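Student: Below you'll find the structure I mean.
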Amino acid sequence: MATVSTNFTEAGVSATLSLQVIGEDITIALSGTYSATVQLERALTPDEQSWEAVYPPNRGSPWNTDDATVSDVYQTLSKNEKLRLRCTAFTSGTVVTTISDGDLILYERKDTVGTVVDRITQSGRQHTGTDSHTGIETHTGAETHTGAEEHTGVETHTGAETHTGAEEHTGVETHTGAETHSGVETFVRVTGAQAPTMFNQPAVQTATNTATLTDAQMIGGILVGTPTSAAAYTMRTGAELEAALPATVADGDAFDLTIINLGSTTDVITLTNPGSGITVVGETTISPLADVATLGAASGTFRFRRTASDTFIAYRL
1 MATVSTNFTE AGVSATLSLQ VIGEDITIAL SGTYSATVQL ERALTPDEQS WEAVYPPNRG
61 SPWNTDDATV SDVYQTLSKN EKLRLRCTAF TSGTVVTTIS DGDLILYERK DTVGTVVDRI
121 TQSGRQHTGT DSHTGIETHT GAETHTGAEE HTGVETHTGA ETHTGAEEHT GVETHTGAET
181 HSGVETFVRV TGAQAPTMFN QPAVQTATNT ATLTDAQMIG GILVGTPTSA AAYTMRTGAE
241 LEAALPATVA DGDAFDLTII NLGSTTDVIT LTNPGSGITV VGETTISPLA DVATLGAASG
301 TFRFRRTASD TFIAYRL
């Protein structure tokens, strides 16, 4: 599965497209503003020293119509064919050309009504039904998963993956490729020694005195305050907070914000309700580090849980 692209601005030849399969459809495309003659050629010898002109079934001559947009198909006649385009005559312009082989179907299995349930092509394998895996698996190519899956064996994944179906994982897995998950997933805890869960922590945000928090300060995870007097940190509204979160946020989704107060003595920080969209459950003040012995912890963690569109409850943990 490959493409060779060449722009002819004079007579010459393109790079070679090598094919392995008999009966494979090869697409020839020409476009642009030009006056030229182009033909398809096939190598007659393995060393590519001898070539012959070949033509798609619907024509028996080179392409020589000025400014023509061409899309023709040639079918390979033998294994290991090598093809190229040759511009045999050139007057003016630019001939934009490509020759490419498609994603050939190597194997296909259908159900009793003709629906494809398993297909192997040159680019990979596609499954449309439910999969159950019990053995050890190693995945190195890109994958797209749309059906429900159940995995119980050890797996190693190194390619990029996209998952849209519900999944249940009970085996040990190692993932090193980029992944996108939009379906519901269930993970069964693996007993035994485990490495700590690692994640990317955005840059720690800072604040000083009374102010309305920014989006970054609200959703960055950690906010370090250095007030010089008692300070009120007003939260974003529920609508503003929702706009700052990923578009896929749903009811029940949550994130944490920890506020650390490095202020002096009575420089208490109060997390203030914006007036709409957020309700705080629990204590809203964070005592300063300088007076931690008297007033208690110099930090506070709030878990913001989405309960409806533009609506959150912030629980003091």
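Position one of the sequence shown corresponds to residue 1 (full-length UniProt numbering), numbered consecutively onward. C-beta: ideal position from N, C-alpha, C; glycine also. All figures in this text were calculated on a predicted structure; none of them were measured in a lab.
Ignoring anything shorter than 4 residues, give me the alpha helix (DSSP H) runs that lie fully in the stretch 212–278, in order along the chain.
Tutor: Counting only runs of 4 or more, we get 215–219, 238–244.
Student: Roughly how many whole angstroms lie between the Cα atoms of Glu137 and Val154?
Tutor: Residue 137 sits at position 137 when you count from the first residue of the sequence shown. Residue 154 sits at position 154 when you count from the first residue of the sequence shown. So the alpha carbons of these two residues sit roughly 6 angstroms apart.
Student: What is the DSSP secondary structure of Leu83, reduced to helix, strand or coil?
Tutor: Working through the sequence shown from its first residue, we reach residue 83 at position 83. Here Leu83 sits in strand by DSSP.
Student: Should Pro62 and Gln39 be called a contact, given that it needs their Cβ atoms to be closer than 8 angstroms?
Tutor: For this step, residue 62 is matched to residue 62 along the sequence shown. For this step, residue 39 is matched to residue 39 along the sequence shown. Closer than 8 angstroms, so yes.
Student: So the candidates are Asp72, Asp25, Val117; which of them puts its Cα closest to the Cα of Thr97?
Tutor: For the purposes of this step, residue 97 is identified with residue 97 of the sequence shown, where counting begins at 1. Selected option, being the one with the closest Cα: Asp72.
Student: When you compare only the Cα positions, how much space is there between Ala290 and Glu173?
Tutor: As a first step, residue 290 must be located in the sequence shown, where it is residue number 290. As a first step, residue 173 must be located in the sequence shown, where it is residue number 173. Roughly 46 angstroms between the two C-alpha positions.
Student: By Cβ distance, which residues of its chain are closer than 6 angstroms to Asn64, with the 5 residues on each side in sequence left out?
Tutor: For the purposes of this step, residue 64 is taken as residue 64 along the sequence shown, with counting starting at 1. Counting only Cβ-Cβ distances below 6 angstroms, and skipping sequence neighbours, we find Thr37.
Student: Taking buried to mean at least 16 other C-beta atoms within 10 Å of its own C-beta, is Met235 buried or exposed?
Tutor: Position 235 of the sequence shown, counted from the start, is the residue given in the question as residue 235. So Met235 ends up on the buried side.
Student: Using the Cβ count rule (16 or more neighbours within 10 Å means buried), how would you classify Gly225?
Tutor: Position 225 of the sequence shown holds residue 225. Buried: at least 16 other Cβ atoms inside 10 Å.
Student: Starting from the Cα of Thr3, find the closest Cα among Ser299, Asp103, Asn80, Ala68 and give me that residue.
Tutor: Sequence index remark: in the sequence shown, residue 3 carries index 3 (1-based). For Thr3, the nearest C-alpha among the options comes from Asp103.
Student: At what residue ranges does the stretch 85–140 contain a whole run of the beta strand (DSSP E), taking only runs of 3 or more?
Tutor: 95–101, 105–110, 116–121, 124–127, 131–133, 137–139
Student: If distances are taken between C-alpha atoms only, which option among Val249, Asp67, Thr16 comes closest to Phe90?
Tutor: Indexing the sequence shown from 1 puts residue 90 at position 90. Among Val249, Asp67, Thr16, the Cα nearest to that of Phe90 belongs to Asp67.
Student: Measure from the C-beta of Asn273 to each C-beta in chain C and report whether the shortest distance is under 8 angstroms.
Tutor: No chain C is present in this structure, which holds just one protein chain.
Student: Let me know the secondary structure DSSP gives Asp25 once reduced to three states.
Tutor: Here the question's residue 25 lines up with position 25 in the sequence shown. It is a strand residue.
Student: Can you tell me whether Asp72 is helix, strand or coil according to DSSP?
Tutor: Along the sequence shown, one-based indexing puts residue 72 at 72. Asp72 falls in the strand class under three-state DSSP.
Student: Smallest Cα separation from Asn209: which of Thr272, His127, Lys79?
Tutor: Mapped onto the sequence shown, residue 209 falls at position 209. Ranking the options by Cα distance to Asn209, first place goes to Thr272.
Student: Could you give the distance in angstroms between the alpha-carbon of Glu168 and the alpha-carbon of Thr162?
Tutor: Residue numbering aside, residue 168 sits at position 168 when the sequence shown is read from its first letter. Residue numbering aside, residue 162 sits at position 162 when the sequence shown is read from its first letter. Taking the straight line from one Cα to the other gives about 15 angstroms.
Student: List the residues that DSSP assigns as beta-bridge partners of Ala43.
Tutor: Here residue 43 refers to the residue found at position 43 when the sequence shown is read from its first residue. Partner(s): Trp51.
Student: Indicate whether Gly300 and Ile286 have their beta-carbon atoms separated by less than 8 angstroms.
Tutor: Against the sequence shown, residue 300 aligns to sequence position 300. Against the sequence shown, residue 286 aligns to sequence position 286. Cβ atoms of Gly300 and Ile286: closer than 8 angstroms.
Student: With a threshold of 6 angstroms on Cβ separation, who are the neighbours of Thr176 within its own chain once the five nearest residues in sequence on each side are excluded?
Tutor: Mapped onto the sequence shown, residue 176 falls at position 176. Only Thr158 meet the Cβ criterion.
Student: For Thr301, report the span of its beta strand (DSSP E) as first-last.
Tutor: Translated into positions along the sequence shown, residue 301 becomes position 301. 299–308 is the span of the beta strand (DSSP E), which, as asked, contains Thr301.
Student: Among Ala232, Arg42, Ile222, Ala178, whose alpha-carbon lies nearest the alpha-carbon of residue 340?
Tutor: With the chain running from 1 to 317 in the structure shown, residue 340 is simply not present.
Student: What residue range does the beta strand (DSSP E) around Phe312 cover?
Tutor: For this step, residue 312 is matched to residue 312 along the sequence shown. Per DSSP, Phe312 belongs to the beta strand (DSSP E) from 311–316.
Student: How many Å lie between Leu83 and Ala216 at the Cα?
Tutor: Taking the first residue of the sequence shown as position 1, residue 83 is located at position 83. Taking the first residue of the sequence shown as position 1, residue 216 is located at position 216. Going from the Cα of Leu83 to the Cα of Ala216 covers about 56 angstroms.
Student: Would you mind reading off the limits of the beta strand (DSSP E) that contains Gln205?
Tutor: Locating residue 205 in the sequence shown gives position 205, counting from the first residue. Per DSSP, the continuous beta strand (DSSP E) segment holding Gln205 begins and ends at 205–207.
Student: How is the beta strand (DSSP E) around Thr144 delimited, first residue to last?
Tutor: Locating residue 144 in the sequence shown gives position 144, where the first residue counts as 1. Counting along the chain, the beta strand (DSSP E) containing Thr144 begins and ends at 143–145.
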